[in-house]
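Below is one structure, written out as structure tokens; comments come after it.
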Amino acid sequence: MRKKSDDEKSFLTEFKKEIMRIVPDIKILEKEAERISDNIQVLSDDERQTLIQSLERVYYIIFILKELTEFFKEKISFGGGSILNYLFISSKDEAPRFTYDLDANWNLNVSNKRELLEEIVVFNAALSERYKVRLPVDERRYLDLYQAEYDIEKDYFPDILSLRMPVLMRWSGLEFYRYVRSVANINMSFNLIRRLRKIFEEVLKIRDAKIDYIRFEISFKKDMPYKSYEIQLPFEFGREKINITVIEYQMASKIIEKLGKDYGDKIDLAAHDIIKTILDLRYLRYCDLNEVARYIDVLSEKYNVKKGEIMKNIVRNIRYVEKYLDEYMKKQYYILIRRKYSSREIISIVKSMLKTLGLFS
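Here the sequence shown is numbered in this note's numbering, starting from 1110 and rising by one per residue.
This is the structure in structure tokens:
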């Protein structure tokens, strides 16, 4: 008959083996930090540490992207800020902005979230076969990490399924024992905490590892053009063919749905979204502008907006956020961009591209 201590020891041995496989090594984060800051002015020690800490979250975004792609294949496609900044902008020796969630679109017809959740259950089963990351909480029980969970806190929209994945982190989230208490109402024994700390110090070089959520969304009932891009993924994840919303469509969408939108007297609430859009539109320099213009026409017709209205809104919105851009650029999300460009240079780049598209005079 096995003793309780034998069960706990077995849990701990397996747990250590699995986290060595799945948690990013510091050297991988440092290598990526060097890559994306290669053409940036020298960072201070504090800025470099902030960059490395930010990249730990980005690592898991790419991890989830790769796992979803390899499992669902043609069923799923991706778009949004993470895709644009981490896969496209950073590939052009440009400075990405940091964003910490992943946007996906379900390419097959489903009528409700329940159907999509059934697909996620199957995905989780496959994940649990590949990564058995089970955090021991006492002699006989454990919590599964690295499993997609329904994110009820963020589930606002009828056609978007909000999900989250609890992952081990060095710098953000709740200490592991606090996380266990918050989700399972279990107070871990001091002896187990001590033994886990020993593992974390050895593997992660940090005593109190944390657990945080990486959030991702899957929209459905949306008809967006996508195609397969062959991408060299960061963090040594290799090359992958990924279904991505056509990049020129994404640029056009940002122009019509964000920068060219009439926010009325609520523009102050939209200021940060407008600024993020302006930063992302730097990628227009690498796009097929004829295709961007075509998609602008498609979206203008869809939303029944005239070119003159769009131009007027663009001018108003840029003028409004220009005076706040320097202040926003102090945020850690823009640590690399502010080292490469002044606010004036960013606005100038985007205005120039909009003029080429006939949307700014």
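Beta carbons are placed, not taken as given, at the ideal position from N, Cα and C, and that holds for glycine.
**Report entry** Integer-rounded CB distance, given that Ile1365 should sit under 8 angstroms from Tyr1429
**Finding:** On the sequence shown, position 320 is the one that residue 1429 refers to. On the sequence shown, position 256 is the one that residue 1365 refers to. About 18 angstroms; that fails the 8 angstroms criterion.
Report task. Quick one: which unbroken beta strand (DSSP E) runs of 3-plus residues sit fully inside the stretch 1310-1352? Chain order, please. Result -> 1319-1328, 1335-1342
Query raised in the report: Just curious, the alpha helix (DSSP H) that Gly1417 is in, first and last residue?
Result: The residue you call residue 1417 lines up with position 308 of the sequence shown. From DSSP, the alpha helix (DSSP H) with Gly1417 extends over 1416-1431.
Query - DSSP-derived helix/strand/coil call for Tyr1209 - result: For the purposes of this step, residue 1209 is identified with residue 100 of the sequence shown, where counting begins at 1. In the structure shown, Tyr1209 adopts coil according to DSSP, grouped into three states.
Query raised in the report: Does Thr1178 have its Cβ less than 8 angstroms from a Cβ in chain C?
Result: In the structure shown, chain C cannot be found, because there is only a single protein chain.
Report task. Going by DSSP, name the residue or residues bridged to Ser1271. Result -> If you number the sequence shown from 1, residue 1271 lands on position 162. Note: Ser1271 sits in a beta bridge opposite Glu1326.
Query raised in the report: Looking at Phe1232 and Asn1352, is the spacing between their C-beta atoms short of 8 angstroms?
Result: In the sequence shown, residue 1352 corresponds to position 243, counting from 1. In the sequence shown, residue 1232 corresponds to position 123, counting from 1. A distance of 8 angstroms or more separates the beta carbons of Asn1352 and Phe1232.
Query raised in the report: When you compare each of Lys1370, Ile1327, Val1312 to Lys1222 by their alpha carbons, which one comes out closest?
Result: Position 113 of the sequence shown, counted from the first residue, corresponds to residue 1222. Nearest of Lys1370, Ile1327, Val1312 to Lys1222, Cα basis: Ile1327.
Query raised in the report: How should Gly1189 be labelled, buried or exposed, when 16 other C-beta atoms within 10 angstroms of its C-beta is the threshold for buried?
Result: For the purposes of this step, residue 1189 is taken as the residue at position 80 of the sequence shown. When all chains shown are included, Gly1189 counts as buried.
Report task. Could you please give the first and the last residue of the uninterrupted beta strand (DSSP E) stretch that includes Ile1444? Result -> In the sequence shown, the residue the question calls residue 1444 occupies position 335. Where Ile1444 is concerned, there is no enclosing beta strand (DSSP E), given that its DSSP letter is neither H nor E.
Query raised in the report: Where do the N-terminal and C-terminal ends of the alpha helix (DSSP H) with Ser1186 fall, by residue?
Result: The sequence position of residue 1186 within the sequence shown is 77, counting from 1. Run containing Ser1186: none in the alpha helix (DSSP H); it sits in the beta strand (DSSP E), 1185-1188.
Requested in this report: Could you tell me which residues DSSP pairs with Trp1215 in its beta bridges?
Outcome: Against the sequence shown, residue 1215 aligns to sequence position 106. DSSP output for Trp1215 lists Ile1185 as bridge partner(s).
Query raised in the report: Between Tyr1209 and the rest of its own chain, which residues show a CB-CB distance below 6 angstroms, the 5 nearest in sequence each way excluded?
Result: Walking along the sequence shown from the start, residue 1209 turns up at place 100. For Tyr1209, where only same-chain residues beyond five positions count, the Cβ hits under 6 angstroms are Arg1166.
Query raised in the report: Within this structure, are the beta carbons of Phe1285 and Leu1244 separated by less than 8 angstroms?
Result: Taking the sequence shown and counting its residues from 1, the one referred to as residue 1285 is at position 176. Taking the sequence shown and counting its residues from 1, the one referred to as residue 1244 is at position 135. In this structure, the beta-carbon distance from Phe1285 to Leu1244 falls below 8 angstroms.
Query raised in the report: What's the call for Glu1197, buried or exposed, on a 16-neighbour Cβ count within 10 Å?
Result: Position 88 of the sequence shown, counting from 1, holds the residue named residue 1197. Looking at the sequence provided, one finds Phe at residue 1197 rather than Glu. Looking at its Cβ environment, which holds 16 or more other Cβ atoms inside 10 Å, Phe1197 is buried.
Query - Local Cβ density within 10 Å of Val1357, reported as buried at 16 or more and exposed below that - result: As a first step, residue 1357 must be located in the sequence shown, where it is residue number 248. Strictly speaking, residue 1357 in this sequence is Glu, with Val absent from that position. When all chains shown are included, Glu1357 counts as buried.
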